[in-house]
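To keep things clear, I will list the structure first and then write my remarks on it.
Number of protein chains: 2
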Amino acid sequence: MTSLIPAGREAGLRVAILGTGLIGASLGMSLREVATVAEVIGYDTDAVGLDTALHRGAVDHVAADAADAVADADVVVLAAPPSAIPSVAREIAPHLRDGTVLTDVGSVKADVVAAMEAAVPPGVRVVGGHPMAGSHEHGAAHAAKDMFVGATWLLTPTPRTDADAVQLLNGLLTAIGARVVIVDTAAHDTLVAIVSHLPQLTATTLMSLAAERARRQDARLLLLAGGGFRDATRVAASNPQMWLDICRENREAIVAVLDEYAARIGQLRMMLFEGDEARLTQLLTDAREARRSLPGKETATGQLVELRIPIPDRPGAIAEITTTVSELGVNIEDLGIEHAPDGRGGTMRLAVNGTDAATTAGDALAQRGYTVVERMP
Amino acid sequence: MTSLIPAGREAGLRVAILGTGLIGASLGMSLREVATVAEVIGYDTDAVGLDTALHRGAVDHVAADAADAVADADVVVLAAPPSAIPSVAREIAPHLRDGTVLTDVGSVKADVVAAMEAAVPPGVRVVGGHPMAGSHEHGAAHAAKDMFVGATWLLTPTPRTDADAVQLLNGLLTAIGARVVIVDTAAHDTLVAIVSHLPQLTATTLMSLAAERARRQDARLLLLAGGGFRDATRVAASNPQMWLDICRENREAIVAVLDEYAARIGQLRMMLFEGDEARLTQLLTDAREARRSLPGKETATGQLVELRIPIPDRPGAIAEITTTVSELGVNIEDLGIEHAPDGRGGTMRLAVNGTDAATTAGDALAQRGYTVVERMP
């Protein structure tokens with residue numbers, strides 16, 4: 052049977068979501084608007100949270116327990132933290148019927164997917180999942196039906212994974228606006244260690260070093276922190292508990308990536324110490340090219356030109372700048388504010404596409420009394 | 052004599068700027084508007100650049116050579132790269148008169164200030180300077196008279212520095228809108244190594260590691276790069292030649308700071324490997340507190356609340372969002388755009404001061420059809 056819709060479900064799929072926190076409830080809200088979904092059943096051990104999810108329209112019905120929720124489901128989503136997945140999978144295993152698609156939303160995959168595969172009967176079709184979305188809020192109260200619009204949702208098949216199950220999930224996730232990327236389970240944890248976990252830990256280390264030097268040596272050090280330092284340390288302000296969990300769950304991959312990073316820092320140190328300018332130039336040049344080629348706004352539409360505009364610190368200035376530019380029909384490709392080190396005033400960065408647009412926008416802003424410095428990023 | 056204005060200069064100071072590139076020409080434009088400055092003389096070995104500076108109003112007159120420029124100057128600014136300062140100082144030394152204040156604009160200080168002090172007669176008053184401003188543009192054509200408004204300008208005295216000379220420069224720089232911070236010359240190079248040079252090198256290393264893994268292992272890796280990775284690597288796109296110069300000039304301080312950073316990465320690696328969650332929690336928590344306490348918008352005005360708004364990719368949406376908020380009298384404290392990994396669409400981050408302002412702004416945006424997710428950073 053190659054049809055993706057199970058027999059008897061032509062009217063729509065029955066989806067069970069176990070865990071109706073921020074991600075589970077947001078997913079429920081999204082899936083309830085998908086034409087091929089007939090029904091979303093929710094369950095959570097937190098009765099108050101489950102009630103919130105129901106009242107916010109995240110689920111059609113709530114189940115009395117996990118077994119009840121999954122008994123007749125076509126798709127079961129375990130929207131629980133990675134550490135809770137193995138026990139939940141074992142708990143529901145006897146109640147899953149053949150052909151049910153079982154997925155999760157954990158940010159690490161190898162151990163979690165192996166645990167799900169080990170826990171359930173062979174007829175249950177396991178596919179690991181990882182939505183790269185969310186916020187630092189918790190709970191159904193903060194759920195949003197647009198949470199996954201434009202977000203990347205990784206699906207992580209193993210050699211045992213059923214291709215039709217991947218296609219069924221791919222269809223549902225695409226319908227809620229997510230962009231599905233298929234990544235081998237074994238590779239997943241290393242990839243996220245590089246693009247997500249390593250930047251967090253380097254930001255934490257940099258911030259920690261600077262803060263201790265400021266305490267020990269010169270409190271004014273942090274007064275000198277400009278845009279580069281602020282960018283590089285921004286994620287150091289993230290939730291420690293969340294990162295402790297991630298470090299625990301993905302320890303092996305993170306340690307391996309940290310070792311590679313430390314080796315590169317050591318090589319860089321030697322280039323500097325030995326004055327090996329040829330290698331240093333190559334490193335700086337290659338990294339610059341790679342950064343400028345990152346998929347995204349920087350290159351999607353041609354050569355961006357950055358306008359830098361000192362802004363008066365009053366309501367309305369930012370709106371006036373953006374409105375002035377938009378009224379010319381010029382699209383703002385990127386923007387941001389760089390604050391002065393002590394937080395007073397600041398400079399607006401505003402990227403537009405091409406030198407003509409930059410000149411048009413710059414002239415209009417200058418006429419309104421703004422100082423505009425143009426630069427190619 | 053304690054008066055800061057030299058005898059016979061009651062009508063205003065004569066300032067000579069050697070090097071009329073971006074920084075020198077911008078400084079000239081700024082100083083020409085200061086009441087206590089009578090005259091700005093410029094000189095540059097690049098005759099075309101010097102001519103541009105004159106025509107853009109960066110100087111009152113151009114000199115025939117460096118000796119001519121400095122002969123009767125009260126203040127001489129060496130606006131040349133750090134590597135060129137010692138030879139320029141030696142060249143002009145015989146032509147400087149007693150009491151002249153000699154300063155520079157180099158981003159590293161210890162060696163440069165020592166070279167200036169060694170080159171000139173004892174009556175010349177040397178004060179190292181470092182404006183933390185500029186752009187990646189070069190040349191007088193891109194100079195701007197507001198370049199230093201709100202920028203930090205470090206002055207770096209040594210035991211030999213004359214206090215009146217520091218005060219004279221402090222007055223001029225404050226008059227052009229810069230915020231002067233006095234930092235011991237010996238400490239300066241370590242401070243900038245920490246807040247400026249280390250973030251550049253960690254960004255370069257992170258970008259380089261990810262790019263090589265993408266080549267070797269999975270090209271889709273960079274598709275997964277979200278806001279955290281983008282922030283942490285942003286400065287990796289900086290000009291390699293500029294950073295090669297900085298690495299050469301400030302090698303000793305950078306190597307020492309890199310060693311300390313590498314030791315911290317090693318400690319973090321051991322915490323992860325050994326599962327030392329108590330120390331890891333402490334590290335993550337301390338770094339978070341330090342990042343949130345960075346002087347600046349984050350704490351200057353109370354608890355910021357961040358609104359996250361998915362934006363349609365069309366001209367006008369950003370202006371509509373900012374205008375809607377401003378029309379309520381709500382000040383936008385910070386803003387930025389996080390692009391989806393593949394560059395399509397994106398989410399606007401908009402920080403306002405306090406939960407009341409956030410609710411007001413969020414409601415108004417929701418009425419206009421925007422989805423708003425609120426979070427405390």
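Chains as they are written, first to last, in this note's numbering: chain D, 52 to 428; chain L, 52 to 428.
The beta carbon of each residue, even a glycine, is placed where N, CA and C say it ideally should be.
Quick caveat, the model's predicted, so the values are computed rather than measured.
- Nearest to glycine 63 of chain D by alpha-carbon distance, out of D/Leu358, D/Ala89, D/Val85, D/Gly75, is D/Ala89.
- In the structure shown, leucine 331 of chain D adopts helical secondary structure according to DSSP, grouped into three states.
- Threonine 373 of chain D sits in a helix when the DSSP states are folded into three classes.
- A check of alpha carbon separations from glutamine 318 of chain L across D/Gly75, D/Thr255, D/Ala229 identifies D/Thr255 as the nearest.
- Not a single CB atom of chain L sits nearer than 8 angstroms to the CB of proline 363 of chain D.
- Shown here for proline 172 of chain L: same chain residues with a beta carbon closer than 8 angstroms to its own, the five before and five after excluded, namely Ala144, Leu147, Asp149 in chain order.
- Buried is the label assigned to glutamine 251 of chain L, since at least 16 other Cβ atoms lie within 10 Å of its Cβ.
- Within the same chain, and ignoring the five residues on either side of alanine 184 of chain D in sequence, the residues whose Cβ sits closer than 7 angstroms to its Cβ are Met198, Phe199, Ala202.
- Between the stretch 326-333 of chain L and the stretch 266-278 of chain D there are fewer than three inter-stretch CB-CB distances shorter than 8 angstroms, so the stretches are not counted as touching.
- For threonine 225 of chain L, the number of other beta carbons within 10 angstroms of its own is below 16, and it is reported as exposed.
- Looking at the DSSP output, glycine 228 of chain L sits in no beta bridge, so it has no partner there.
- Check the Cα spacing between valine 381 of chain L and each of L/Asp407, L/Ala118, L/Pro363, L/Met399: the tightest is with L/Asp407.
- A Cβ of chain D is located within less than 8 angstroms of the beta carbon of aspartate 269 of chain L.
- Taking a contact as a CB-CB distance under 8 angstroms, the pair alanine 124 of chain L and arginine 83 of chain L does not count as one, their CB atoms being some 15 angstroms apart.
- Using a C-beta cut-off of 8 angstroms, the stretch 257-269 of chain D makes no contact with the stretch 229-246 of chain D, since fewer than three inter-stretch Cβ pairs fall below that distance.
- Annotation: proline 182 of chain L has no Cβ neighbours in chain D at a cutoff of 8 angstroms; minimum Cβ distance is about 12 angstroms.
- Contacts with chain D at 8 angstroms (Cβ-Cβ) do not include arginine 65 of chain L.
- The three-state reading of DSSP puts valine 139 of chain D in helix, counting H, G and I together.
- Counting C-beta pairs with one atom in each stretch, the stretch 290-304 of chain L and the stretch 153-172 of chain L have three or more that are closer than 8 angstroms, which means they touch.
- Using beta-carbon distances, proline 210 of chain D does not count as an interface residue toward chain L, since no partner is under 8 angstroms.
- Contact between alanine 166 of chain D and proline 137 of chain D holds: CB atoms are separated by about 4 angstroms, below the 8 angstroms threshold.
- Going by DSSP, histidine 239 of chain L is part of the alpha helix (DSSP H) stretching over 236-243.
- Between valine 113 of chain L and glycine 93 of chain L, the CB-CB gap stays under 8 angstroms.
- Taking a C-beta cut-off of 9 angstroms against chain L, the contacting residues of the stretch 297-314 of chain D are Cys298, Arg299, Arg302, Ile305, Val306, Val308, Leu309, Asp310, Glu311, Tyr312, Ala313, listed in chain order.
- Within chain D, the C-beta atoms nearer than 9 angstroms to that of glutamate 328 of chain L come from Leu295, Cys298, Arg299, in chain order.
- A buried status is given to alanine 412 of chain L, since no fewer than 16 other beta-carbon atoms sit within 10 Å of its beta-carbon.
- Beta-carbon to beta-carbon, arginine 230 of chain D and aspartate 310 of chain L are separated by about 42 angstroms, too far to satisfy the 8 angstroms threshold.
- According to the DSSP secondary-structure assignment, aspartate 385 of chain L is paired through a beta bridge with L/Ala402.
- For the stretch 162-223 of chain D, the full-length beta strand (DSSP E) segments reaching 3 residues or more read 176-183, 203-207 along the chain.
- Note: glycine 93 of chain L is bridge-paired with L/Ile68, L/Val113 in the DSSP secondary-structure output.
- Annotation: Cβ neighbours of phenylalanine 324 of chain D in chain L (cutoff 8 angstroms, chain order): Arg302, Val306.
- Interface with chain L (8 angstroms Cβ-Cβ cutoff): proline 132 of chain D is excluded.
- Of the candidates D/Val128, D/Thr284, D/Gly174, D/Val128 places its Cα closest to the Cα of valine 156 of chain D.
- Between the stretch 278-294 of chain D and the stretch 334-345 of chain L there are three or more inter-stretch CB-CB distances shorter than 8 angstroms, so the stretches are counted as touching.
- Approximately 19 angstroms separates the beta-carbon atoms of threonine 422 of chain L and threonine 373 of chain D; this is outside 8 angstroms, ruling out the contact.
- Excluding sequence positions up to five before and after histidine 239 of chain D, its CB lies within less than 6 angstroms of the CB of Lys160, Thr207, all in the same chain and listed in chain order.
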